[in-house]
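In our numbering, each number is its position in the sequence shown, counted from 1, plus 1077.
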Amino acid sequence: MRKIFLIIFLAACSAQTGKLKVGFDIDDTVLYSEPAFVIAQKEGKGVIDYAWINTHDRQYSTPISPTIELIKYFHANGHEVYFITARPGDKGRYLSEFLTEIVDFPVTLDKTLFFSPKEIINGFKYTTKHKIMKKLNLDLYYGDSDRDMIAAIKADVFPVRVVRYEESLLAYSSNYFGNTQDGAAEAAPFTKDDLKIFYKAGTGLFGESIYPIIWKGIRD
């Protein structure tokens, strides 16, 4: 069913725009990288060592197979595929090499893989991904977070939310529903059941489509 929907959607897009430019987030979209982040924080005593993560994804991060299949589908049909991550780019070539291995086509730093760290303004973190999306003139962007959806909207790119792995939801439950683990609160008025309603409807709070991947994670 997922592939049928995808083919219909792509056919409609291609009829109007031809070749697509498609972007993907990395963490919780292409890679289940929580183990790498957990270890990196322990090594750095609470400070995330992104250079360490970029060099250790091969050992600790797991490719999210439904997203990888989607990426290969786009590439096999002649569409352009890009990766944009909010990670800092220290030793980023290691991530490009790992992505090349798992998607079976070259992923090149600063050509098809871009690092776009968040900027901090008045104590709040804001995405910078929209700047790269605009330069690339993307048509679609797949990501798991609110910031991914907002970046796409700011760049006038069609946003698609990838459903996070269940174990990621336990660790990264803060989303457009607030933190679903906190219960009813002004900053988190929705529950995990509310989250399921949005997933079932196929449309998120920002009007984004929801890509309903089914992935059992490291147990696959």
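Using N, Cα and C, we set each Cβ at its ideal position, and we do this for glycine too.
Quick caveat: nothing in here was measured; it's all calculated off a predicted structure.
Quick check on this structure: which residue in the options has the alpha carbon closest to the alpha carbon of residue i?
i	options	result
R1135	R1164, S1173, T1106 and G1100	S1173
R1241	F1192, F1283 and L1272	L1272
E1146	Y1171, V1180, A1128 and D1167	V1180
Y1150	F1182, G1166, F1275 and P1112	F1182
F1191	E1178, D1167, Y1203 and I1197	D1167
I1130	L1108, Y1203, A1113 and D1187	A1113
P1143	D1126, M1210, L1186 and Y1109	Y1109
S1245	E1111, L1097 and N1214	E1111
D1233	M1210, Y1219 and D1223	M1210
Please report the straight-line C-alpha distance between residue i and residue j, rounded to a whole angstrom.
i	j	result
P1140	N1199	35 Å
S1138	G1169	15 Å
K1206	F1235	14 Å
E1157	I1148	10 Å
A1163	V1124	16 Å
F1201	K1195	10 Å
T1280	S1286	5 Å
V1115	K1212	33 Å
L1208	K1277	Sequence inspection shows Lys at residue 1208; the Leu mentioned does not correspond to that position. Each residue's alpha carbon lies about 31 Å from the other.
F1082	S1193	With a pLDDT of 49 at F1082, under the threshold of 50, the modelled position of that residue is not reliable, and the figure given next carries that caveat. Whole-angstrom Cα-Cα distance: 31 Å.
Y1288	L1282	14 Å
T1204	D1225	8 Å
G1095	L1217	13 Å
V1184	A1153	14 Å
P1165	K1188	16 Å
Q1118	G1294	22 Å
R1238	D1223	9 Å
F1275	I1197	30 Å
G1155	Y1219	18 Å
Y1171	I1290	27 Å
G1284	A1229	11 Å
A1128	K1269	34 Å
D1126	K1231	29 Å
Would you grab the beta carbon distance between residue i and residue j for me? Rounded to a whole angstrom, and I think it's under 8 Å.
i	j	result
T1106	D1221	5 Å
I1103	F1160	6 Å
K1098	L1215	5 Å
Does DSSP classify residue i as helix, strand or coil?
i	result
P1112	helix
I1161	strand
G1095	coil
F1082	A caution first: F1082 carries a pLDDT of 49, below 50, which makes its placement in the model unreliable, though a value can still be read off. Note: F1082 maps to helix in three-state DSSP.
V1237	strand
T1205	coil
S1139	The amino acid at residue 1139 is misidentified as Ser; the sequence shows Thr. If DSSP states are grouped into helix, strand and coil, T1139 belongs with the strands.
Y1242	coil
E1196	strand
D1307	Here the chain comprises residues numbered 1078 to 1297, so residue 1307 is not present and cannot be evaluated.
F1283	coil
G1294	helix
Within 10 Å of its beta-carbon, does residue i have 16 or more other beta-carbons around it, so buried, or fewer, so exposed?
i	result
E1243	exposed
G1100	buried
E1178	exposed
I1227	buried
I1085	Per-residue confidence for I1085 stands at a pLDDT of 44, beneath the threshold of 50, marking its modelled position as unreliable; the derived number appears in the next sentence. Answer is exposed; the Cβ neighbour count stays below 16.
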